[in-house]
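Under UniProt numbering, read the sequence shown as residues 1 to 150, first letter to last.
Glycine included, C-beta positions come from ideal geometry on N, C-alpha and C.
Computed from a prediction, not measured in an experiment: that's the story for all the values here.
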Amino acid sequence: MGRGKLTQEEIEELRRNPYVVSVDSARIKYSDDFKKLFMCKYLNGERPGNIFRNAGFDTTVLGSKRVERACSRWRAMYCSGALDIDIPDSGADDDTRHMTDKRRDPGADGRFEAAEHIKLLQELIRKQEHVIKRQRAELEEMKKRVSGKL
């Protein structure tokens with residue numbers, strides 16, 4: 001179907017996916033593991049539809065709107081800090097590859113414009129700056145302890 005209510009066959013298919021916690025004719029609840037996997041891949045430039053397909057979902061069953069709305073919800077969760085993930089370093093080429101493309105319309109595949117991506121990256125930088133500041137403070141405290149013992 002892909003739009004509106006899911007059929008019983010589609011519900012059964014979705015229940016077989018390990019990333020689905022629960023499903024009924026109107027809603028799909030995805031596992032936290034999938035949400036984290038999704039955001040890691042998404043922030044590294046992979047398209048939402050591809051992430052769902054590679055996780056075993058039939059995107060024609062889900063429909064582009066479900067994929068787009070899930071992507072939007074999880075981005076908001078990530079930006080608010082509600083979805084705590086570690087983004088693996090995949091190298092500068094992979095991280096910036098999507099930024100050289102033309103501006104994108106958040107269409108059927110759920111991609112978003114460069115301005116929105118910049119906001120996500122700025123939030124990631126802010127979080128990393130916080131971690132660095134905390135680690136510097138810890139390092140200074142250790143230096144004080146060591147110099148006091150000598």
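- According to the DSSP assignment, I11 belongs to the alpha helix (DSSP H) that extends over Q8 to R15.
- Contact between C79 and E123 holds, with the beta-carbon distance rounding to 5 Å and staying under 8 Å.
- S25 carries a coil assignment under DSSP once its states are collapsed to helix, strand and coil.
- Taking the Cα of R75 as reference, the smallest distance to any Cα among T60, S64, L43 and I51 is reached at L43.
- Ranking A55, N54 and P48 by CA distance to the CA of K65 puts P48 first.
- Annotation: the continuous alpha helix (DSSP H) that includes F52 extends over P48 to N54.
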